[in-house]
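J.:
Protein chains: 2
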Amino acid sequence: MPASKQHFTFEVVMTCSGCSNAVNKALSRLEPDVSDIDISLENQTVDLDSTLPYDTVLEKIKKTGKEVKGGRII
Amino acid sequence: MPASKQHFTFEVVMTCSGCSNAVNKALSRLEPDVSDIDISLENQTVDLDSTLPYDTVLEKIKKTGKEVKGGRII
Chain A
12 MPASKQHFTF
22 EVVMTCSGCS
32 NAVNKALSRL
42 EPDVSDIDIS
52 LENQTVDLDS
62 TLPYDTVLEK
72 IKKTGKEVKG
82 GRII
Chain B
12 MPASKQHFTF
22 EVVMTCSGCS
32 NAVNKALSRL
42 EPDVSDIDIS
52 LENQTVDLDS
62 TLPYDTVLEK
72 IKKTGKEVKG
82 GRII
């Protein structure tokens with residue numbers, strides 16, 4: 012049975028579109044295990060659906076070098 | 012015998028200090044295998060010394076989601 016999909020939201024410090032594009036690019040490499048990536052530079056949020064564990068996705072975002080201020084499963 | 016240190020230079024697309032700080036942060040996690048990291052937002056360059064293989068360092072930079080336009084050992 013495949014893992015069920017959850018919706019994650021992370022608060023990530025991004026200061027320009029280059030920052031948000033970089034996060035998007037890094038996360039896109041996890042497709043199809045990550046989907047519906049929605050990044051808001053204005054709100055400093057990264058929303059996505061994923062079948063991966065929370066910590067795996069968090070670690071991937073941290074590897075971009077961006078500061079992650081918080082995150083949760085909603 | 013430890014691997015000898017080489018100097019790498021990469022051309023990386025970075026559009027703000029948030030971008031360059033993110034690359035710096037990601038590479039700093041490889042210390043002490045990576046040292047003397049020098050990032051120029053103006054010149055779009057990432058210079059460093061490392062005992063790691065070129066491809067390992069390149070992959071680490073790519074994981075930030077930034078576009079790497081080129082790189083070489085000098």
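These protein sequence lines are chains A and B, in that order. In this text, residue positions in the first sequence follow the working numbering: the first is 12, and each later residue adds one. In this text, residue positions in the second sequence follow the working numbering: the first is 12, and each later residue adds one. Glycine is no exception: its CB is placed at the ideal position from the N, C-alpha and C atoms. For clarity, every value in this text was computed on a predicted model and none was experimentally measured.
1) Would you mind working out which of B/S31, B/V45, B/N35 sits nearest B/P64, comparing C-alpha positions?
2) Which term fits B/K77, buried or exposed, when burial requires 16 or more other beta carbons within 10 angstroms of its beta carbon?
3) Could you tell me whether any Cβ in chain B is nearer than 8 angstroms to the Cβ of A/V68?
4) What residue range does the alpha helix (DSSP H) around B/L38 cover?
5) Looking only at its chain, what residues have a beta carbon closer than 6 angstroms to the beta carbon of A/K80, apart from the 5 residues adjacent to it on each side?
6) Residue range of the beta strand (DSSP E) that B/I48 falls in?
7) Taking the Cβ atom as the reference point for each residue, do A/K59 and A/D49 lie within a distance shorter than 8 angstroms?
8) Quick one: does A/G82 have its CB under 8 angstroms from some CB of chain B?
9) Please tell me whether B/T123 has its Cβ less than 8 angstroms away from any Cβ of chain A.
10) For A/H18, collect the residues of the same chain with a Cβ closer than 6 angstroms to its Cβ; drop the 5 residues on either side in sequence, then sort them by chain order.
11) Say whether chain C places a C-beta atom closer than 8 angstroms to the C-beta of A/V57.
12) Tell me which same chain residues have a C-beta within less than 7 angstroms of the C-beta of B/K71, skipping the five on either side of it?
13) Cα separation between A/V57 and A/T20?
14) Check distances from the C-beta atoms of the stretch 28–59 of chain B to those of chain A and list, in chain order, the residues that come in under 9 angstroms.
T.: Reading off the structure:
1) Walking along the second sequence from the start, residue 64 of chain B turns up at place 53. Minimum Cα distance to B/P64 is reached at B/V45.
2) To locate residue 77 of chain B, count along the second sequence from 1; it is residue 66. Looking at its Cβ environment, which holds 16 or more other Cβ atoms inside 10 Å, B/K77 is buried.
3) On the first sequence, residue 68 of chain A is found 57 positions in, with the first residue counted as 1. No, A/V68 lies away from the interface with chain B (no Cβ there is under 8 angstroms from its Cβ).
4) One-based indexing of the second sequence puts residue 38 of chain B at position 27. B/L38 -> alpha helix (DSSP H) spans 28–39.
5) Counting from one through the first sequence, the residue named residue 80 of chain A turns up at place 69. Within the same chain, A/K80 has close Cβ partners E22.
6) On the second sequence, position 37 is the one that residue 48 of chain B refers to. Where B/I48 is concerned, the enclosing beta strand (DSSP E) stretches over 45–51.
7) Reading the first sequence from its first residue, position 48 is the one you call residue 59 of chain A. Reading the first sequence from its first residue, position 38 is the one you call residue 49 of chain A. For the sequence presented, residue 59 of chain A should be read as Leu rather than Lys. Closer than 8 angstroms, so yes.
8) Within the first sequence, numbered from 1, the residue matching residue 82 of chain A stands at position 71. It does not; no Cβ of chain B falls within 8 angstroms.
9) It is not possible to answer for residue 123 of chain B, since the shown part of chain B is limited to 12 through 85.
10) Counting from 1 along the first sequence, the entry for residue 18 of chain A is found at position 7. Counting only Cβ-Cβ distances below 6 angstroms, and skipping sequence neighbours, we find D60, I85.
11) This model lacks chain C altogether, as its protein chains are A and B.
12) Taking the first residue of the second sequence as position 1, residue 71 of chain B is located at position 60. For B/K71, where only same-chain residues beyond five positions count, the Cβ hits under 7 angstroms are A37, L38, L41.
13) The sequence position of residue 57 of chain A within the first sequence is 46, counting from 1. The sequence position of residue 20 of chain A within the first sequence is 9, counting from 1. Answer to the nearest angstrom: the Cα atoms are 6 angstroms apart.
14) S28, G29, C30, N32, A33, V34, N35, K36, A37, L38, S39, R40
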